[in-house]
Amino acid sequence: MAGSKLKIVIVGGVAGGASAATRARRMNEYAEIILFEKDADVSFANCGLPYYIGEEIVERSKLVVASAEFLQRRFALDVRTRQEVVAIDRTAKQVTVRNHVTGEEYAESYDKLILSTGASPFVPPIAGRDAANVFTLRNLADTDQIKAATDGGQTKTAAVIGAGFIGLEMVEQLARRGYRTTLAELQPQVLPLFDPEMVQPIEQELQDNSIDLALGDGIKQIVLDESGDATGVELASGRVIAAELVILGIGVRPNVQLAQAAGLKIGQGGGVA
Numbered sequence: 330m331a332g333s334k335l336k337i338v339i340v341g342g343v344a345g346g347a348s349a350a351t352r353a354r355r356m357n358e359y360a361e362i363i364l365f366e367k368d369a370d371v372s373f374a375n376c377g378l379p380y381y382i383g384e385e386i387v388e389r390s391k392l393v394v395a396s397a398e399f400l401q402r403r404f405a406l407d408v409r410t411r412q413e414v415v416a417i418d419r420t421a422k423q424v425t426v427r428n429h430v431t432g433e434e435y436a437e438s439y440d441k442l443i444l445s446t447g448a449s450p451f452v453p454p455i456a457g458r459d460a461a462n463v464f465t466l467r468n469l470a471d472t473d474q475i476k477a478a479t480d481g482g483q484t485k486t487a488a489v490i491g492a493g494f495i496g497l498e499m500v501e502q503l504a505r506r507g508y509r510t511t512l513a514e515l516q517p518q519v520l521p522l523f524d525p526e527m528v529q530p531i532e533q534e535l536q537d538n539s540i541d542l543a544l545g546d547g548i549k550q551i552v553l554d555e556s557g558d559a560t561g562v563e564l565a566s567g568r569v570i571a572a573e574l575v576i577l578g579i580g581v582r583p584n585v586q587l588a589q590a591a592g593l594k595i596g597q598g599g600g601v602a
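In our numbering, the protein residues as written are 330 to 602.
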């Protein structure tokens with residue numbers, strides 16, 4: 330590949346996209362490599378986000394694995410943040426890019442195209458989901474919003490919906506911040522994909538740390554006050570959990586809209602086949 334003027338375009342600049350870009354550079358020092366990321370940040374530590382909210386990680390900068398400036402300097406990558414690829418023309422071998430700063434759109438050609446568009450939090454179609462104090466946690470912008478809400482000192486009751494990894498990490502960190510927290514899960518146990526024998530000690534540990542468990546009970550709606558802020562969560566059983574801070578950790582869905590519109594095959598699992 331030495332001497333090649335290959336042009337590689339990578340869509341998505343977090344873990345997968347940034348890793349693909351740096352690997353491509355190691356394989357070909359001459360290639361033109363463009364990395365598009367629709368948000369402001371690239372290559373951050375998703376797993377550390379709850380721990381920054383809970384102040385186990387004190388410095389926000391510790392969440393950034395590699396900044397756009399570092400990738401540009403160290404690997405000679407063309408990193409374009411706040412620029413979203415909105416369409417793919419496979420015949421012309423070009424993508425349409427929307428600059429979220431200027432609002433302009435432009436075309437960029439490619440020889441090879443790598444899609445690393447990740448996933449988005451699943452938000453059920455329930456009443457109240459758009460309230461300002463209802464959050465999902467997926468990126469640094471989400472983290473900043475939740476951190477600002479917890480730093481405000483006004484709210485001390487919280488509900489976390491979904492008892493997967495994010496849900497468990499969030500209840501731990503909210504308890505650390507002094508929140509009275511309820512963890513609700515549609516399935517009859519936390520970590521539904523694990524064997525019951527494995528999760529029983531975890532559930533006991535949660536209860537020993539004053540986490541209220543509402544298991545086998547799905548969410549029906551977010552309860553709002555007259556100003557439109559969430560004051561609680563109503564579950565399918567009719568139980569209402571008081572909560573001035575609501576975290577939805579129900580799962581994620583692959584971002585396949587771009588690939589699907591380009592005619593790529595989508596597999597049974599919902600991702601690109």
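The beta-carbon is built from N, C-alpha and C at its ideal position, and this holds for glycine as well.
Asked	Found
Please state the DSSP three-state secondary structure of PHE399.	helix
Looking at PRO517 and GLY545, is the spacing between their C-beta atoms short of 9 Å?	yes
Could you check the C-alpha separation between LEU512 and LEU378 for me, to the nearest Å?	18 Å
Would you mind reading off the limits of the alpha helix (DSSP H) that contains VAL500?	494 to 505
Please go through the same chain and pick out, in chain order, the residues whose beta-carbon is closer than 6 Å to the beta-carbon of VAL408, but skip the five residues on each side of it.	LEU364, ALA397, LEU400, GLN401
With a CB to CB cut of under 7 Å and the five nearest residues on each side skipped, what residues in its chain are close to ILE540?	VAL500, ALA504, THR510, LEU512
Given this structure, state the Cα-to-Cα distance separating VAL414 from GLY600, to the nearest angstrom.	18 Å
Taking LEU577 as the reference, give the member of ALA344, PHE494, LYS367, ALA360 with the closest Cα.	PHE494
Would you kindly work out how many angstroms separate the C-alpha atoms of THR486 and LYS334, rounded to a whole number?	57 Å
So, are the CB atoms of ALA543 and ALA559 less than 9 Å apart?	no
Between ILE548 and TYR439, is the Cβ-Cβ spacing less than 9 Å?	no
What does DSSP give as the partner residue(s) for GLU514 in the beta ladder?	LEU544
Opposite GLU413 in the DSSP bridges: which residues?	ARG427
Taking all protein chains shown into account, do 16 or more other C-beta atoms lie within 10 angstroms of the C-beta of GLN536, making it buried, or fewer, making it exposed?	exposed
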